[in-house]
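Numbering (our numbering), first residue to last: 21 to 302.
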């Protein structure tokens with residue numbers, strides 16, 4: 021039997037279920053996907069990310085599973101959609117409760133491989149924006165992607181932990197067939213985890229490329245400043261030298277002294293530019 025309740029309905033239940041405190045704790049702490057094996061029962065919760073906006077969650081649901089019944093506590097509309105998806109694959113009425121829980125887990129990751137592929141392709145298409153050193157929103161974009169990937173990795177790791185906990189079968193509720201299915205599910209979730217990790221590594225490479233572009237740009241600016249400073253250093257020496265105004269300084273009283281200093285400055289600049297060209301400094 022499948023019983024679907026909202027949290028408010030569960031709290032108003034007059035006849036408390038066995039392990040009522042554990043179920044209440046699962047409802048109040050739906051901050052992640054978790055599962056606990058009890059004597060002749062399984063209790064836990066799901067927290068499902070919204071694939072359209074990974075910074076938000078689609079919904080959360082607590083569950084309590086025995087050999088005869090499965091209680092699903094959360095948003096009835098969202099739970100109804102999940103059960104409807106399961107019903108398209110198999111008959112819910114013929115499923116043992118723990119098998120129904122497994123089918124729900126399957127539904128949660130059914131299209132995630134294609135989703136991660138699209139996510140990766142989107143990042144590849146936007147790689148130029150990430151690498152562009154003039155992108156003023158780089159930090160905001162990078163942090164958003166980083167948080168999304170961390171959320172996905174945590175989600176897949178929690179599903180792996182849930183399946184492995186069930187496989188341990190400490191309460192003897194998992195039969196041999198379900199154990200094989202859970203092993204397959206765990207491997208699928210592990211591959212999704214690895215795919216997410218590869219995308220994270222790709223983002224690290226993009227971050228390094230962005231930093232390299234910034235370094236190249238800064239080096240180019242420093243090169244220009246260095247060349248300009250080097251060109252004007254001899255001119256600064258000349259002006260400083262003739263700014264002393266000692267009585268016997270050459271050309272100080274000459275009618276052409278000012279012109280001579282100008283010509284010397286031009287020759288010095290031309291000579292420096294010529295040397296820089298030969299050295300390929302600019």
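All residues carry an ideal CB built from backbone N, CA and C; glycine is no exception.
Spatial distance of residue i from residue j (CA atoms)
{"i": "residue 214", "j": "residue 137", "result": "12 Å"}
{"i": "residue 131", "j": "residue 173", "result": "16 Å"}
{"i": "residue 97", "j": "residue 204", "result": "29 Å"}
{"i": "residue 191", "j": "residue 102", "result": "26 Å"}
{"i": "residue 160", "j": "residue 167", "result": "11 Å"}
{"i": "residue 155", "j": "residue 145", "result": "15 Å"}
{"i": "residue 286", "j": "residue 280", "result": "10 Å"}
{"i": "residue 224", "j": "residue 90", "result": "43 Å"}
{"i": "residue 66", "j": "residue 171", "result": "14 Å"}
{"i": "residue 135", "j": "residue 74", "result": "12 Å"}
{"i": "residue 151", "j": "residue 300", "result": "28 Å"}
{"i": "residue 233", "j": "residue 148", "result": "11 Å"}
{"i": "residue 248", "j": "residue 263", "result": "22 Å"}
{"i": "residue 261", "j": "residue 244", "result": "26 Å"}
{"i": "residue 43", "j": "residue 226", "result": "44 Å"}
{"i": "residue 253", "j": "residue 259", "result": "10 Å"}
{"i": "residue 185", "j": "residue 57", "result": "8 Å"}
{"i": "residue 46", "j": "residue 78", "result": "18 Å"}
{"i": "residue 115", "j": "residue 22", "result": "10 Å"}
{"i": "residue 189", "j": "residue 180", "result": "15 Å"}
{"i": "residue 113", "j": "residue 210", "result": "30 Å"}
{"i": "residue 26", "j": "residue 118", "result": "20 Å"}
{"i": "residue 31", "j": "residue 48", "result": "11 Å"}
{"i": "residue 241", "j": "residue 268", "result": "43 Å"}
{"i": "residue 108", "j": "residue 28", "result": "29 Å"}
{"i": "residue 68", "j": "residue 198", "result": "23 Å"}
{"i": "residue 72", "j": "residue 104", "result": "20 Å"}
{"i": "residue 276", "j": "residue 282", "result": "10 Å"}
{"i": "residue 129", "j": "residue 206", "result": "11 Å"}
{"i": "residue 133", "j": "residue 163", "result": "23 Å"}
{"i": "residue 80", "j": "residue 239", "result": "51 Å"}
{"i": "residue 257", "j": "residue 298", "result": "24 Å"}
Burial state of residue i, where buried means 16 or more other Cβ atoms lie within 10 Å
{"i": "residue 235", "result": "exposed"}
{"i": "residue 141", "result": "exposed"}
{"i": "residue 123", "result": "buried"}
{"i": "residue 82", "result": "buried"}
{"i": "residue 208", "result": "buried"}
{"i": "residue 212", "result": "buried"}
{"i": "residue 310", "result": "Past the boundaries of the shown model lies residue 310; the chain is included only from 21 to 302, so the question cannot be answered."}
{"i": "residue 41", "result": "exposed"}
{"i": "residue 94", "result": "buried"}
{"i": "residue 270", "result": "exposed"}
{"i": "residue 201", "result": "buried"}
{"i": "residue 50", "result": "buried"}
{"i": "residue 139", "result": "buried"}
{"i": "residue 157", "result": "exposed"}
{"i": "residue 266", "result": "exposed"}
{"i": "residue 195", "result": "exposed"}
{"i": "residue 216", "result": "buried"}
Nonlocal neighbours in the same chain, by C-beta distance under 7 Å from residue i, ignoring five residues either side
{"i": "residue 24", "result": "92, 96, 99"}
{"i": "residue 251", "result": "289, 292"}
{"i": "residue 76", "result": "70"}
{"i": "residue 220", "result": "169"}
{"i": "residue 229", "result": "151"}
{"i": "residue 177", "result": "213"}
Other residues of its chain near residue i: CB distance less than 6 Å, five sequence neighbours each side excluded
{"i": "residue 237", "result": "153"}
{"i": "residue 273", "result": "none"}
{"i": "residue 120", "result": "90"}
Contacts around residue i, its chain only, beta-carbon distance under 8 Å, and the 5 residues preceding and following it disregarded
{"i": "residue 60", "result": "86, 87, 191, 193"}
{"i": "residue 182", "result": "53, 54, 55, 64, 125"}
{"i": "residue 39", "result": "58, 61, 63, 84"}
{"i": "residue 165", "result": "143, 223"}
{"i": "residue 37", "result": "43, 84, 91"}
{"i": "residue 255", "result": "285, 288, 289"}
Residue i - partner residues in DSSP beta bridges
{"i": "residue 56", "result": "63"}
{"i": "residue 25", "result": "93"}
{"i": "residue 68", "result": "79"}
{"i": "residue 85", "result": "62, 90"}
What runs of the beta strand (DSSP E), each 3 residues or longer, lie entirely inside the stretch 159 to 208?
-> Within the stretch 159 to 208, no complete beta strand (DSSP E) run reaches 3 residues.
Mind pulling the beta strand (DSSP E) runs of 3 or more residues that sit fully within the stretch 94 to 130?
-> Secondary structure in the stretch 94 to 130: no beta strand (DSSP E) run of 3 residues or longer lies completely within the stretch.
Return the chain-ordered ranges of every alpha helix (DSSP H) run that is complete within the stretch 250 to 300 and spans a minimum of 4 residues.
-> Counting whole runs of 4 or more residues, the stretch 250 to 300 contains the alpha helix (DSSP H) stretches 277 to 299.
Which ranges does the beta strand (DSSP E) cover as unbroken runs of at least 3 residues, wholly within the stretch 203 to 237, from first to last along the chain?
-> Segments of the beta strand (DSSP E) lying fully in the stretch 203 to 237: there are none.
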